[in-house]
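Top line first, the protein sequences correspond to chains P and L. With our numbering applied, the first sequence has no gaps in its numbers, which climb one by one up to 265 at the end. With our numbering applied, the second sequence has no gaps in its numbers, which climb one by one up to 265 at the end. One structure below.
There are 2 protein chains.
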Amino acid sequence: MTHEDAELAELTAVAHAVADAARVETLAHFRRPDLTADSKTEDFDPVTVADKGAERAMREVLAARRPDDGILGEEEARVDGSTGLTWVIDPIDGTRGYVAGAPTWGVLIALSNADGPIFGIVDQPYIGERFYGGPDRAYMTGPLGERPMRVRSTRTLEEAILFTTFPEVGTPEEGAAFHRVAAKAKLTRYGTDCYAYALLAAGHVDLVIEAGLAPYDIHAPIAVIQAAGGVVTNWEGGPAHDGGRALAAATPELHRLALDLINS
Amino acid sequence: MTHEDAELAELTAVAHAVADAARVETLAHFRRPDLTADSKTEDFDPVTVADKGAERAMREVLAARRPDDGILGEEEARVDGSTGLTWVIDPIDGTRGYVAGAPTWGVLIALSNADGPIFGIVDQPYIGERFYGGPDRAYMTGPLGERPMRVRSTRTLEEAILFTTFPEVGTPEEGAAFHRVAAKAKLTRYGTDCYAYALLAAGHVDLVIEAGLAPYDIHAPIAVIQAAGGVVTNWEGGPAHDGGRALAAATPELHRLALDLINS
Numbered sequence: 002m003t004h005e006d007a008e009l010a011e012l013t014a015v016a017h018a019v020a021d022a023a024r025v026e027t028l029a030h031f032r033r034p035d036l037t038a039d040s041k042t043e044d045f046d047p048v049t050v051a052d053k054g055a056e057r058a059m060r061e062v063l064a065a066r067r068p069d070d071g072i073l074g075e076e077e078a079r080v081d082g083s084t085g086l087t088w089v090i091d092p093i094d095g096t097r098g099y100v101a102g103a104p105t106w107g108v109l110i111a112l113s114n115a116d117g118p119i120f121g122i123v124d125q126p127y128i129g130e131r132f133y134g135g136p137d138r139a140y141m142t143g144p145l146g147e148r149p150m151r152v153r154s155t156r157t158l159e160e161a162i163l164f165t166t167f168p169e170v171g172t173p174e175e176g177a178a179f180h181r182v183a184a185k186a187k188l189t190r191y192g193t194d195c196y197a198y199a200l201l202a203a204g205h206v207d208l209v210i211e212a213g214l215a216p217y218d219i220h221a222p223i224a225v226i227q228a229a230g231g232v233v234t235n236w237e238g239g240p241a242h243d244g245g246r247a248l249a250a251a252t253p254e255l256h257r258l259a260l261d262l263i264n265s
Numbered sequence: 002m003t004h005e006d007a008e009l010a011e012l013t014a015v016a017h018a019v020a021d022a023a024r025v026e027t028l029a030h031f032r033r034p035d036l037t038a039d040s041k042t043e044d045f046d047p048v049t050v051a052d053k054g055a056e057r058a059m060r061e062v063l064a065a066r067r068p069d070d071g072i073l074g075e076e077e078a079r080v081d082g083s084t085g086l087t088w089v090i091d092p093i094d095g096t097r098g099y100v101a102g103a104p105t106w107g108v109l110i111a112l113s114n115a116d117g118p119i120f121g122i123v124d125q126p127y128i129g130e131r132f133y134g135g136p137d138r139a140y141m142t143g144p145l146g147e148r149p150m151r152v153r154s155t156r157t158l159e160e161a162i163l164f165t166t167f168p169e170v171g172t173p174e175e176g177a178a179f180h181r182v183a184a185k186a187k188l189t190r191y192g193t194d195c196y197a198y199a200l201l202a203a204g205h206v207d208l209v210i211e212a213g214l215a216p217y218d219i220h221a222p223i224a225v226i227q228a229a230g231g232v233v234t235n236w237e238g239g240p241a242h243d244g245g246r247a248l249a250a251a252t253p254e255l256h257r258l259a260l261d262l263i264n265s
């Protein structure tokens, strides 16, 4: 094992330990009748004790095992590191789904450098599924066991299954761009939060289009999808890791067709 | 144990055996890359080998253990029985979600008489969750163990979490009726198929509103929700077991508010 391989193996092990810590905290509150959801904004945006508790537990693992790395998370202040590596974490992506008892929220963990994510995990604690990968191999574990992940080979919109979380997607203009693609797709489904990216990496879904993302919403999906052979960019075709509007596709050909329709 | 209790226990055991048989067949094909989906109609309505295989397996259990009961299923012809009891079954409710790899499709099994469903099961084989109940007690088993189910006590739309499968719901008029309720609800989510009814019975969701249902789509949800203390009717406030348009609510008060808005 080279030095680089050994370092990646250690970083990967830390990422899984962070995911394990979040699993305990998120499951401790999931579907509990006494779960309270404070509102962060005017719209209903629940921040639960589970979000806060899980991010705290994730940061404790990082503080113990990677004290010199940076941390960018949803709930607490940014930590600047000295290694050039940053852990980009979201304790519960899909808090609305979480408070409604749906099983498609996830814990997101990415290890990123200045160029973007290197390794990522999308974890679904309730189902017991973990989708992970980077930089060039992706795997999943879950109820049916462990297996490598590979995106599908879909190259046309007419064959494509498209997912997003909210039908309105974002602004009216963003929604219209999305629906230009949806009108051509074989099937459009809603409501899955980060789980849609995991399904794309695992070869079940062909396109995910979203807007209004934060960086911590998209780093882990980028890592996992790229490692499984897929493409993720923003709606201009550039890097998506700053958040905002994301287009994930199973193949470059499909990505190009969707990008052209979005911008038509 | 009275004779009636013993008969209900036997019928319940048969229902679980039917669900077990469907679990094997549906999981044998779920997320398999070679899954093919024929189109039943002009729109994309996949009928997979899993649907057909699961219904066949379910009917074999019924033929062996309840040969004199009727069967109404999605894939095969109706069987008229002589007992006054009919098994109303849907091997995969949410085939579109199934072919996309989502974990919110379900196997639906209801035991019904002329007045409607008596006992029902909503099973999610991949997660390993089973929601079941009737006539007056409801339970669920899953990753977090077994527990009784009880609907929430939500009495206002402003506190209500609302689910449906497709944002368009049904016809434009049906969609408009739905969105009058959605505009008042605390949170609206999409894409869950029968899983939304299970979440309502389990006390996580307050309203489910759908249109265009077949009888086999709604018998099992009616049984489970009523057993957990909730209310299910059609959009006129009458019995919903003939299919069509369904309104499920956690409380009679919430049901009345939603029904009034639908018909306003």
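Quick reminder that beta carbons are idealized off the backbone N, C-alpha and C, glycines included.
Give the single residue among E175(P), I210(P), V182(P) whose Cα lies nearest to the Cα of T166(P). When the alpha-carbon of T166(P) is set against those of E175(P), I210(P), V182(P), the nearest one is in I210(P).
Against Y191(L), what residues of chain P qualify as contacts under a CB-to-CB distance less than 7 angstroms, listed in chain order? Correct list: P168, Y191, G192.
G121(L) and Y133(L): beta carbons closer than 8 angstroms? Contact flag set, yes.
Tell me where the beta strand (DSSP E) around E130(L) begins and ends. Its beta strand (DSSP E) spans residues 130-134.
Please confirm whether H205(L) has its beta-carbon closer than 8 angstroms to some beta-carbon of chain P. Interface annotation, H205(L): in contact with chain P, CB-CB separation under 8 angstroms.
CB contact check: I128(P) to chain C, cutoff 8 angstroms: The question asks about chain C, but that chain is absent: this structure's protein chains are P and L.
If we cut at 8 angstroms on Cβ distances, does R32(L) have a partner in chain P? So yes, R32(L) belongs to the interface.
Three-state class that DSSP yields for G204(L) in the structure shown: For G204(L), the secondary structure class from DSSP, reduced to helix, strand or coil, is coil.
Below 8 angstroms on the Cβ atoms is my guess for W88(P) versus G95(P); work out the distance and round it to an integer in Å. Not a contact, Cβ separation roughly 20 angstroms.
I'd like to know if A101(P) contacts chain L, where contact means its C-beta is closer than 8 angstroms to some C-beta of that chain. Using beta-carbon distances, A101(P) counts as an interface residue toward chain L, with a partner under 8 angstroms.
Member of E75(P), R156(P), A229(P), R190(P) whose CA lies at the smallest distance from the CA of P149(P): Closest option to P149(P), Cα to Cα, is A229(P).
Using only alpha-carbon positions, find the residue among A161(L), M141(L), D137(L), P118(L) that is nearest to P126(L). Cα-wise, what sits closest to P126(L) is M141(L).
Residues sharing a beta bridge with M141(P), DSSP: Paired residues: F132(P), R148(P).
Against chain L, which members of the region 147-165 of chain P pass a CB distance test of less than 7 angstroms? Within the region 147-165 of chain P, the qualifying residues are I162.
Taking any Cβ of chain P, which residues in the region 236-263 of chain L have a Cβ under 7 angstroms from it, in chain order? Answer set for the region 236-263 of chain L: empty.
Need the endpoints of the beta strand (DSSP E) that D94(P) sits in, please. Looking at the DSSP string, the run of the beta strand (DSSP E) that includes D94(P) is 87-94.
Just verifying my parser: in three-state terms, what is the DSSP assignment at A247(P)? Assignment of A247(P) by DSSP, reduced to helix, strand and coil, places it in the strand class.
If you measure from the beta carbon of G85(L) to each beta carbon in chain P, is any gap under 8 angstroms? The beta carbon of G85(L) does not come within 8 angstroms of any beta carbon belonging to chain P, so the residue lies off that interface.
Please tell me whether Y99(P) and F164(P) are closer than 8 angstroms, where the distance is taken between their beta carbons. No, they are not a contact pair.
Give the DSSP-derived three-state secondary structure of D116(L) in the structure shown. DSSP, reduced to helix, strand and coil, places D116(L) outside both helices and strands of the structure shown, so it counts as coil.
Hey, which unbroken runs of the beta strand (DSSP E) at 3 residues or more fall wholly within the region 53-84 of chain P? With a minimum length of 3 residues, the continuous beta strand (DSSP E) runs that stay inside the region 53-84 of chain P are 71-74.
In the DSSP assignment, find the alpha helix (DSSP H) that holds V170(P) and state where it starts and stops. Element bounds for V170(P): n/a, residue is neither H nor E.
CB contact flag (A64(L), A23(L), <8 angstroms): 8 angstroms or more divides the Cβ of A64(L) from the Cβ of A23(L).
Helix, strand or coil at T13(P) according to DSSP, with G and I counted as helix: In this structure, DSSP gives T13(P) a helical state, which the three-state scheme calls helix.
Determine the direct distance from the alpha carbon of D207(L) to that of I162(L), and round the result to whole angstroms. Using only the alpha carbons, I get a separation of about 5 angstroms.
Can you tell me whether P92(L) is buried or exposed, with buried defined as 16 or more other CB within 10 angstroms of its CB? So P92(L) ends up on the buried side.
Can you tell me whether V25(P) is buried or exposed, with buried defined as 16 or more other CB within 10 angstroms of its CB? That one is exposed.
Proximal chain L residues relative to G98(P), where beta-carbon distance stays under 9 angstroms: The answer, in chain order, is R190.
Would you give the residue range spanned by the beta strand (DSSP E) that Y191(P) belongs to? Segment 188-191, the beta strand (DSSP E) holding Y191(P).
DSSP three-state call for A241(P): helix, strand or coil? Coil.
What in chain L is Cβ-close to L200(P), meaning under 8 angstroms? Within chain L, the residues A101, G102, A103 have their CB atoms less than 8 angstroms from the CB of L200(P), given in chain order.
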